[in-house]
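Trainee: So that we are looking at the same thing, I have put the structure below in structure tokens.
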Amino acid sequence: MSTKLIEAIGLARHYRLGTRVLRALDGVDLAIGRAETLGLVGESGSGKSTLGRTLVGLQPPSRGSVRFDGMDTKGATGAVLRQLRRRRQLVFQDPSGALNPRMTIGATLTEHLRVQGWERAAVRARVPQVLAAAGLSAAHAPRYPHELSGGQRQRAVIARAISTDPDFLVADEPVSALDVSTRAQIINLLRSLQRDRGLGMLFISHDLSVVAHMCSRVAVMYLGRIVELAPREALFAAPLHPYTVALLSAVPLPDPVRERSRNRIILRGEPPDPADPPPGCRFHPRCRLASAICTRVDPPLRWFGPHHAAACHHAGEQAAASAAGGPVRINAGRPAEEGGAGQMR
Amino acid sequence: MTALLEVRDLRVAFGAAAAVDGVSFTVAPGETLGLVGESGCGKSTTALALMRLLHGAVTGGSAHFDGRDLLALDRPAMRGVRGAEIAMIFQDPGTALHPLIRVGEQVTEAIRAHQAVSAAVARARALDLFRQVGIATPELRLRAYPHQLSGGMCQRVMIAAAIACSPRLLLADEPTTALDVTVQAQILELLQTISRATGMAVILITHDLGVVAGMADRVAVMYAGRIVEMAPTAALFAAPAHPYTRGLLGAVPRLDQGWDDELPIIPGSVATAIAASGCRFAPRCPRADRSCRATPPLAPVAEGHLAACWHSG
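Chains as they are written, first to last, in the numbering used here: chain U, 7 to 351; chain S, 347 to 659.
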């Protein structure tokens, strides 16, 4: 049995916009281990959600393939396809939009399980179990989404996703629409599910602070590509890609003393149009390290250590700069663990 | 220093529901006041009430701006203030701009609504404003429609229109919430630069404690329609006095620490637990006891630091 739970190989997804082609995913290689949570960060339009949706099979790739548990998912039909769906689930950003407003929470869960072929009696027993696992109770089953708070709705969406006992979960901005106090509750819930059920997870977020609390490894996307991939300790303490450095320095810290003494890197310019990416390195128009080569040659993702990869011609120089007082000083509370459980290249 | 804006006992009700329930604060000239709290706490409603955009939902209180009570001005007088002396920017710049009008025209409209200048002068001024807010190739952008611009660019247009008449107060309602983090950094820097250069005061409404930590001189924390704590920014973060503020600060995942710790939570949610009388936070508060059945006043706990809690003294 492979230790890789899910693997993207040269994954691409293109959308036609009239005469133009938007390359939302443009050659992504990535593997997530069993019980591993990989964080995926990047700005809007970078292709994070497209990657998540392609990994769970909501849409087919334009090129490349998705291997799940050692098996190519392309062309799966019948019982195999149903198993693939059961084992790969999705949690969405906006829990109000993800639940049918005219169905009770119980009916939503029942439908989800029945589609997966569960018997009625088994479903009746299962619904209260998954509600409890998501921090709700059987009393929530007869309620409609509008009768629940935002946090409870997100718990219901999570209950639905885990009801089929998946091995892999894509959580697409699961806490972005929630208030601070509710967000903490949902993060704690997802962490306990991750721990207790051995779920492999792709955790998509634009919020690096949340990712730091959820994920052992982090991938940074920019315009359809992964530009940096590293264990979180390495990524946050010694980022190699200038985009990651800028992203980290832009995160506001809830601490006036540190917030005002930081050396913030403000990126020039706007994120480019994904349908018309710049030539060479896609980040070069906004990059402060850009040189002549960056305008011509698209840098491939290179390995700078056993677990740390970056796609940048100047990645080495950036490392030196961050060693001399990087963007964020980290007091993570625990020593960095290299090569932790389920971690892989 | 005399306050630029002095709000006293502001009350807003939508039907029987009190959205803002006796809010008082001041803003000094050039000061940035952060107004923080979770959805539904009344922070946006407070700003809309000050702009008189709530059509009669204001049920009490006063808001003296430079000697005049905004809440008592007649409509023509208020029109003279709104957009000229007090401007406002919103969370979603995409919907705050008119989708069918070129953005340059929307800025010149803001200028000509308050200043008797020719179209050509207004246009030249709009061009100048576009440069000021950091819009590249401003001549081209003036002719763009909102959908042709990115979110960050639309927010720059909104800011250009807002500062067109050199207001003395800007109400910024979640101005960067819809933006990416690198663009957020650009917009916050821009607001700070403008405010420092022109002495414009800002009420910065946000749910993001990181944003107020970097931007605000003072912070007011709202909960269920009331201000529960108000303090200079450094003091609020160093020594939060209200249990809600402490809970909020604790519940924020931080990039720089505590990655593997369980996040402390505030049990329940605002929607499901508001006390009918007394301290509104009591049902979720770890320190609540019998005394919390009476409403705690916003009282000083230190120099310039106020908290509405019986247990914060």
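Built from N, CA and C at the ideal position, the CB exists for glycine as well.
Since the structure is predicted, the reported quantities are computational estimates derived from the model, not experimental observations.
According to a CB-to-CB cut-off of less than 8 Å, which residues of the segment 598-609 of chain S neighbour chain U?
Mentor: Going along the segment 598-609 of chain S in chain order, one finds V598, P599, R600, L601, D602, Q603, G604, W605, D606, D607, E608 and L609 with a Cβ nearer than 8 Å to chain U.
Trainee: Please name the residue in S:A518, S:A587, S:R639 and S:T348 whose C-alpha comes closest to that of G326 of chain S.
Mentor: Chain S is shown only over 347 to 659; residue 326 of chain S falls outside these bounds and no answer can be derived.
Trainee: What's the gap between the Cα of A240 of chain U and the Cα of V233 of chain U?
Mentor: By one-based count along the first sequence, residue 240 of chain U stands at place 234. By one-based count along the first sequence, residue 233 of chain U stands at place 227. Taking the straight line from one Cα to the other gives about 15 Å.
Trainee: Does T391 of chain S pass the burial test, meaning 16 or more other C-beta atoms within 10 Å, or should it be called exposed?
Mentor: Locating residue 391 of chain S in the second sequence gives position 45, counting from the first residue. It is buried - the Cβ of T391 of chain S has at least 16 other Cβ atoms within 10 Å.
Trainee: I'd like to know whether the C-beta atoms of V34 of chain U and F98 of chain U end up nearer to each other than 8 Å.
Mentor: Within the first sequence, numbered from 1, the residue matching residue 34 of chain U stands at position 28. Within the first sequence, numbered from 1, the residue matching residue 98 of chain U stands at position 92. No, Cβ-Cβ distance for V34 of chain U and F98 of chain U is not below 8 Å.
Trainee: Counting only C-beta atoms, is I551 of chain S closer than 8 Å to chain U at any point?
Mentor: Residue numbering aside, residue 551 of chain S sits at position 205 when the second sequence is read from its first letter. Closer than 8 Å: no.
Trainee: Which residues does DSSP pair with R73 of chain U in a beta bridge?
Mentor: Along the first sequence, read from residue 1 onward, the residue named residue 73 of chain U stands at position 67. In DSSP, R73 of chain U forms a bridge with U:E13 and U:D78.
Trainee: Which residue wins for smallest C-alpha separation from G429 of chain S, given the options S:S496, S:L515 and S:A645?
Mentor: As a first step, residue 429 of chain S is located in the second sequence; it is residue number 83 there, counting from the start. Checked all of S:S496, S:L515 and S:A645; the closest Cα to G429 of chain S is S:L515.
Trainee: With respect to the alpha helix (DSSP H) encompassing T250 of chain U, which residues constitute its N-terminal and C-terminal limits?
Mentor: Locating residue 250 of chain U in the first sequence gives position 244, where the first residue counts as 1. Unbroken alpha helix (DSSP H) run through T250 of chain U: P248 to A256.
Trainee: At a Cβ threshold of 8 Å, is F371 of chain S touching chain U?
Mentor: Along the second sequence, read from residue 1 onward, the residue named residue 371 of chain S stands at position 25. Cβ-Cβ to chain U under 8 Å: no for F371 of chain S.
Trainee: If you draw a straight line from the C-alpha of H668 of chain S to the C-alpha of L488 of chain S, how long is it?
Mentor: The displayed coordinates of chain S run from 347 to 659. Any statement about residue 668 of chain S would go beyond what the structure contains.
Trainee: Assign A128 of chain U to one of two classes, buried (16 or more other C-beta atoms within 10 Å of its C-beta) or exposed (fewer than that).
Mentor: Looking up residue 128 of chain U in the first sequence gives position 122. Flag for A128 of chain U reads exposed.
Trainee: Give a yes or no on whether the minimum CB-CB distance between S328 of chain U and chain S is below 8 Å.
Mentor: Reading the first sequence from its first residue, position 322 is the one you call residue 328 of chain U. Residue confidence for S328 of chain U is low, a pLDDT of 49 falling below 50, so the modelled location carries little weight; the figure read from the coordinates is stated next. Judged by the 8 Å Cβ criterion, S328 of chain U is not in contact with chain S.
Trainee: On the premise that L495 of chain S lies in contact with V527 of chain S, defined as a C-beta separation below 8 Å, what is that separation, rounded to the nearest angstrom?
Mentor: Within the second sequence, numbered from 1, the residue matching residue 527 of chain S stands at position 181. Within the second sequence, numbered from 1, the residue matching residue 495 of chain S stands at position 149. About 19 Å; that fails the 8 Å criterion.
Trainee: Tell me, please, whether the CB atom of V186 of chain U is closer than 8 Å to any CB atom in chain S?
Mentor: Here residue 186 of chain U corresponds to residue number 180 of the first sequence, with the count starting at 1. Chain S, which has a Cβ nearer than 8 Å to the Cβ of V186 of chain U, makes this yes.
Trainee: G157 of chain U versus chain S: which residues are under 7 Å apart at the beta carbon?
Mentor: Mapped onto the first sequence, residue 157 of chain U falls at position 151. Those are S615, listed as they occur along chain S.
Trainee: Under 7 Å, CB to CB, which of the residues in the segment 541-568 of chain S have a partner in chain U?
Mentor: Against chain U - using a Cβ distance shorter than 7 Å - the residues of the segment 541-568 of chain S are H553, D554, L555, G556, V557, A559 and G560.
Trainee: Specify, as a first and last residue, the run of the alpha helix (DSSP H) that P305 of chain U falls within.
Mentor: What you label residue 305 of chain U is simply residue 299 of the first sequence in a count that begins at 1. Careful: P305 of chain U lies outside any alpha helix (DSSP H) and carries neither H nor E.
Trainee: Does the Cβ-Cβ distance between G650 of chain S and P599 of chain S come in under 8 Å?
Mentor: Stepping through the second sequence from its first residue, residue 650 of chain S is reached at position 304. Stepping through the second sequence from its first residue, residue 599 of chain S is reached at position 253. No, they are not a contact pair.
Trainee: Would DSSP call G33 of chain U helix, strand or coil?
Mentor: Start at 1 with the first residue of the first sequence, and residue 33 of chain U comes out as number 27. Of the three classes helix, strand and coil, the one that applies to G33 of chain U here is strand, per DSSP.
Trainee: Less than 8 Å between the C-beta atoms of V574 of chain S and A472 of chain S, yes or no?
Mentor: Start at 1 with the first residue of the second sequence, and residue 574 of chain S comes out as number 228. Start at 1 with the first residue of the second sequence, and residue 472 of chain S comes out as number 126. The answer is no: Cβ separation not under 8 Å.
Trainee: Any beta-carbon of chain U closer than 8 Å to the one on M499 of chain S?
Mentor: As a working mapping, residue 499 of chain S is identified with position 153 in the second sequence. Yes, M499 of chain S lies at the interface with chain U (some Cβ there is under 8 Å from its Cβ).
Trainee: When the Cα of P422 of chain S is compared with those of S:A459, S:A468 and S:E455, which residue comes out closest?
Mentor: Here residue 422 of chain S refers to the residue found at position 76 when the second sequence is read from its first residue. It is S:A459.
Trainee: Flag this pair as touching only if the segment 291-307 of chain U and the segment 51-58 of chain U have three or more C-beta atom pairs under 8 Å; answer yes or no.
Mentor: As far as the Cβ criterion goes, the segment 291-307 of chain U does not touch the segment 51-58 of chain U, which means the pair count is below three.
Trainee: Looking at chain U, is there any beta carbon in it that lies within less than 8 Å of the beta carbon of T579 of chain S?
Mentor: Taking the first residue of the second sequence as position 1, residue 579 of chain S is located at position 233. Yes - at least one Cβ of chain U is within 8 Å of the one on T579 of chain S.
Trainee: Given that I272 of chain U touches chain S, what residues does it touch there, using C-beta distances under 7 Å?
Mentor: Counting from one through the first sequence, the residue named residue 272 of chain U turns up at place 266. Going along chain S in sequence order, the residues near I272 of chain U (Cβ under 7 Å) are A531, Q532 and E535.
Trainee: What is the rounded straight-line gap between the Cα of A244 of chain U and the Cα of C221 of chain U?
Mentor: In the first sequence, residue 244 of chain U corresponds to position 238, counting from 1. In the first sequence, residue 221 of chain U corresponds to position 215, counting from 1. Going from the Cα of A244 of chain U to the Cα of C221 of chain U covers about 17 Å.
Trainee: Just checking, does the segment 586-596 of chain S make contact with the segment 560-576 of chain S on the three C-beta pairs under 8 Å criterion?
Mentor: Touching, yes.
Trainee: Does P262 of chain U get closer than 8 Å to chain S when you measure Cβ to Cβ?
Mentor: The sequence position of residue 262 of chain U within the first sequence is 256, counting from 1. Yes, its Cβ sits closer than 8 Å to a Cβ of chain S.
Trainee: Would you say I111 of chain U lies against chain S (beta-carbon separation less than 8 Å)?
Mentor: Working through the first sequence from its first residue, we reach residue 111 of chain U at position 105. I111 of chain U does not count as touching chain S.
Trainee: Between S:F411, S:G368, S:F476 and S:L417, which lies nearest to E431 of chain S when the distance is taken from Cα to Cα?
Mentor: Within the second sequence, the letter at position 85 stands for residue 431 of chain S. Checked all of S:F411, S:G368, S:F476 and S:L417; the closest Cα to E431 of chain S is S:F411.
Trainee: In chain U, what lies closer than 9 Å to E377 of chain S by C-beta?
Mentor: The count along the second sequence starts at 1 and reaches residue 377 of chain S at position 31. Ordered by position in chain U, no residue passes the 9 Å Cβ test against E377 of chain S, which lies about 15 Å from the chain.
Trainee: Report the residues of the segment 379-399 of chain S with a CB closer than 7 Å to any CB of chain U, ordered along the chain.
Mentor: For the segment 379-399 of chain S, which is checked against every Cβ of chain U, the residues closer than 7 Å are E384 and S385.
Trainee: Which value, in whole angstroms, describes the spacing of the CA atoms of S255 of chain U and P148 of chain U?
Mentor: As a first step, residue 255 of chain U is located in the first sequence; it is residue number 249 there, counting from the start. As a first step, residue 148 of chain U is located in the first sequence; it is residue number 142 there, counting from the start. Distance between the alpha carbons of S255 of chain U and P148 of chain U is about 46 Å.
Trainee: Look at the alpha carbon of L644 of chain S and the alpha carbon of R572 of chain S, and state the distance between them as a whole number of angstroms.
Mentor: Locating residue 644 of chain S in the second sequence gives position 298, where the first residue counts as 1. Locating residue 572 of chain S in the second sequence gives position 226, where the first residue counts as 1. Whole-angstrom Cα-Cα distance: 9 Å.
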